[in-house]
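A.B. asks: Residue numbers (our numbering), protein chains in the order written: chain A, 11 to 270; chain B, 1217 to 1603.
A virtual CB, placed ideally from N, CA and C, is assigned to each residue, including glycine.
As the structure is a computational prediction, the values presented were derived from the model and not from experiment.
In structure tokens form, the structure reads like this:
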């Protein structure tokens, strides 16, 4: 056990060093990404040097075109995690189906979790539900059922909310759905990647031009790259948080502050 | 003894309804910094509660008198006519919305937002979309208040009849419907999925409560609502709600929020008019009635005149506000969305609302009507702002 712990700590310390070397304009939104809860199974998987992550999402977890799969955030996350966690095998499986609501994803969840046995599931959802106007109670119930399924399947979970899209901002009422996701994350004690706040911040700071009507994919690729990198940082922070909890040093809240 | 319908218009109603209309406009502009001033950020309830309550109050005030003077049938017919006007106004707004969304759909392309483009899918099925919109089942974002108002008005005649005879029984029936709605999770269906964003079966409680107050309930309640224990309780509740609201915006404060409390109270259900929201509105109302008396001299001040004018022409100004919030967002997207632009479009929008309200009031005067009064019976009620 002690060997395992020191192994994990070593890996995490290395990742901290690697992280410091990174600087990019999109990381200005970093203060909006914080692990409120630990990811103990990710920490354990890092200890085993074998980390499997599943991304379950809809269209906004993908990019179109032949390069799409390699440039979308799940692939960028894999890359960033390899950089953070040298010597650890990182495998990412993506299930992204267009127009799937949270309830539809929740149904597929049980099966795919058994098949792939991921250490962590990144569950991106909310946009389709908001567009369709799915009943809020039903949306909440789907989230909570899904998170319970993951809990039973002994997998960590992480929720990712919607993209910020200024042009359709007045047409899709995201507010109460985003709130429900925040609430479900809090209730089930899983971290939330607040993509909505992060992208809004990028827009405000002028990091990306999210207004432009363009067929070009370069901005979209850079946005996904940044999401992948911030997500990697959140996952590593979550593992650190769980780890410090494991060896019982200090409050979870202060631990994350110290390590960041 | 049947309740007495008080004579004379209470300008406070116009004032607060006018202010509520401004707040609804500001809240409906997405990513608008100016909306930080609106009350939804400082407690549980928001401008919708004010609007629904005052609408119930004025509906009972106007049609209650009508029902006594001209009988149940005539008054009911006029309520339904009003509901029809609101329906037409809603469909008019829907057409404007369709024009905007169709324009954006044809001009907007970005591979980052393939998923968000899904919001345009209904344009591919105009037959289904238009029919569902006419049935009030398909309601675009931010266009949920008028359908609620339509249903509340359509169901109002029997309630008004009962309110005039047995007001306490009517209020009890309304509360029972609210309780049953919560117990059995009743709501009206929406398209393409889900249910109404403002559940009329729950929100009717506030509308009927407003009507009940207008028909003498407020006077009967006064000794209670003006007593110092009630006012103290109201003030404490408003302060606690304010403190809790602060934890939504300042992550550092969230740690002071006891876990049992958040588990008990969240989510605060706007769809079904959460009891916490209703209570928050009641607390605000009790404090307002106490500190802003009916004969308050400020009501005559030119400073408050713009808001009062808006409140007296609420349907027109409400619709204009929804349109202006689309237009303001559109301008922000097409031109610039900086803070100064947000302040500019917010201010221009309110100026446009006031100017329109002043124009309609002038027009009513030309027609020989007092602001906010009933039209003389032979005239067609084209643009009444009375309920």
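Give the DSSP-derived three-state secondary structure of residue 1558 (chain B) in the structure shown.
C.D. replies: Residue 1558 (chain B) falls in the helix class under three-state DSSP.
A.B. asks: Kindly examine the ligand GTP and report whether one of its heavy atoms sits closer than 6 Å to the Cβ of residue 149 (chain A).
C.D. replies: For the ligand GTP, the structure offers nothing, since it holds no ligand at all.
A.B. asks: What alpha helix (DSSP H) runs, 4 residues minimum, are completely inside the stretch 1470-1510 of chain B?
C.D. replies: Correct list: 1475-1481, 1491-1507.
A.B. asks: Return the residues of the stretch 1304-1320 of chain B that lie within a Cβ-Cβ distance of less than 8 Å from chain A, sorted by chain order.
C.D. replies: Correct list: 1317, 1320.
A.B. asks: Does the distance from the C-beta atom of residue 136 (chain A) to that of residue 187 (chain A) stay below 7 Å?
C.D. replies: Going by C-beta atoms, residue 136 (chain A) is nearer than 7 Å to residue 187 (chain A).
A.B. asks: How would you call residue 1578 (chain B), buried or exposed, if buried means at least 16 neighbouring beta carbons within 10 angstroms?
C.D. replies: By the 10 Å Cβ count, residue 1578 (chain B) comes out exposed.
A.B. asks: When the Cβ atoms of the stretch 79-94 of chain A are set against those of the stretch 148-155 of chain A, are three or more pairs found closer than 8 Å?
C.D. replies: Because the criterion of three Cβ pairs below 8 Å is not met, the stretch 79-94 of chain A and the stretch 148-155 of chain A do not touch.
A.B. asks: Please name the residue or residues paired with residue 274 (chain A) in a DSSP beta bridge.
C.D. replies: With chain A covering 11 to 270 only, the question about residue 274 (chain A) has no answer from this structure.
A.B. asks: Could you tell me which residues DSSP pairs with residue 133 (chain A) in its beta bridges?
C.D. replies: For residue 133 (chain A), which the question treats as bridged, DSSP gives the partners A:66, A:169.
A.B. asks: Verify the CB distance criterion: does residue 122 (chain A) have a CB-CB separation below 7 Å to chain B?
C.D. replies: By this cut-off, residue 122 (chain A) is not an interface position.
A.B. asks: Residue 1522 (chain B) and residue 1561 (chain B) - do their beta-carbons sit closer together than 7 Å?
C.D. replies: Their beta carbons are not under 7 Å apart, which means residue 1561 (chain B) does not touch residue 1522 (chain B) by this criterion.
A.B. asks: Looking at the structure shown, is residue 31 (chain A) part of a helix, part of a strand, or coil, going by DSSP?
C.D. replies: Its pLDDT being 36, under 50, residue 31 (chain A) is placed unreliably in this model, and the coordinates cannot settle the point.
A.B. asks: List the residues of chain A that residue 1411 (chain B) touches, going by C-beta distances under 8 Å, in chain order.
C.D. replies: Result: 145.
A.B. asks: Does any C-beta atom of chain A lie closer than 7 Å to the C-beta of residue 1483 (chain B)?
C.D. replies: Yes, because at least one Cβ of chain A sits closer than 7 Å to the Cβ of residue 1483 (chain B).
A.B. asks: How should residue 176 (chain A) be labelled, buried or exposed, when 16 other C-beta atoms within 10 angstroms of its C-beta is the threshold for buried?
C.D. replies: Buried.
A.B. asks: Just how far apart, CA to CA, sit residue 1393 (chain B) and residue 1418 (chain B)?
C.D. replies: C-alpha separation (whole angstroms): 7 Å.
A.B. asks: Among the residues of its own chain, which have a CB less than 8 Å from the CB of residue 1411 (chain B), if the five just before and after it don't count?
C.D. replies: So the qualifying residues of the chain are 1403, 1404, 1405, 1487.
A.B. asks: Got a sec: is the Cβ-Cβ distance from residue 1335 (chain B) to anything in chain A below 7 Å?
C.D. replies: So yes, residue 1335 (chain B) belongs to the interface.
A.B. asks: If the cut is a Cβ gap below 8 Å, which residues of chain A does residue 1423 (chain B) touch?
C.D. replies: In chain order: nothing, as chain A lies at least about 22 Å away.
A.B. asks: Kindly list the residues whose CB is nearer than 6 Å to the CB of residue 1263 (chain B), restricted to its own chain and excluding five residues on each side of it in sequence; keep chain order.
C.D. replies: So the qualifying residues of the chain are 1236, 1239, 1240.
A.B. asks: Please report how far the alpha carbon of residue 32 (chain A) lies from the alpha carbon of residue 96 (chain A), in whole angstroms.
C.D. replies: The predicted model places residue 32 (chain A) with a pLDDT of 45, which falls under 50 and marks its position as unreliable, so this point remains unresolved.
A.B. asks: In angstroms, rounded to a whole number, what distance separates the CA positions of residue 1479 (chain B) and residue 197 (chain A)?
C.D. replies: For residue 1479 (chain B) and residue 197 (chain A), the distance between alpha carbons rounds to 8 Å.
A.B. asks: Which residues does DSSP list as the beta-bridge partners of residue 61 (chain A)?
C.D. replies: Partner(s): A:100.
A.B. asks: Taking the beta carbon of residue 1308 (chain B) as the centre, do at least 16 other beta carbons fall within 10 Å, making it buried, or is it exposed?
C.D. replies: Its Cβ having fewer than 16 others within 10 Å, residue 1308 (chain B) is exposed.
A.B. asks: Under DSSP, the alpha helix (DSSP H) around residue 1535 (chain B) begins and ends at which residues?
C.D. replies: Where residue 1535 (chain B) is concerned, the enclosing alpha helix (DSSP H) stretches over 1530-1550.
A.B. asks: Between the stretch 1512-1529 of chain B and the stretch 1485-1503 of chain B, are three or more C-beta pairs nearer than 8 Å?
C.D. replies: Flag = no, the stretch 1512-1529 of chain B and the stretch 1485-1503 of chain B do not touch.
A.B. asks: Taking the alpha helix (DSSP H) that residue 211 (chain A) belongs to, which residues open and close that run?
C.D. replies: Residues 205-215.
A.B. asks: Among the residues of its own chain, which have a CB less than 8 Å from the CB of residue 1296 (chain B), if the five just before and after it don't count?
C.D. replies: Cβ within range, chain order: 1369, 1370, 1373.
A.B. asks: If you follow the alpha helix (DSSP H) that residue 84 (chain A) is in, where does it begin and where does it stop?
C.D. replies: Start and end: 83-94.
A.B. asks: Note down, in chain order, all residues in the stretch 70-94 of chain A with a beta-carbon under 7 Å from any beta-carbon belonging to chain B.
C.D. replies: Answer in chain order: 70, 73, 74.
A.B. asks: At a cut of 8 Å, does the stretch 1281-1291 of chain B reach the stretch 1334-1344 of chain B through at least three beta carbon pairs?
C.D. replies: No, they do not touch.
A.B. asks: Using a Cβ-Cβ cut-off of 7 Å, state whether residue 300 (chain A) counts as contacting chain B.
C.D. replies: Outside the displayed span of chain A (11 to 270) sits residue 300 (chain A), for which this structure offers no information.
A.B. asks: Nearest to residue 1169 (chain B) by CA position, among B:1415, B:1389, B:1483, B:1384, is which residue?
C.D. replies: Beyond the ends of chain B as shown, which are 1217 and 1603, falls residue 1169 (chain B); an answer cannot be given.
A.B. asks: CB-CB under 6 Å to residue 1365 (chain B), same chain, minus the five flanking residues each way: which ones, in chain order?
C.D. replies: If we look at residue 1365 (chain B) and ignore the five residues flanking it on each side, its Cβ neighbours are 1302.
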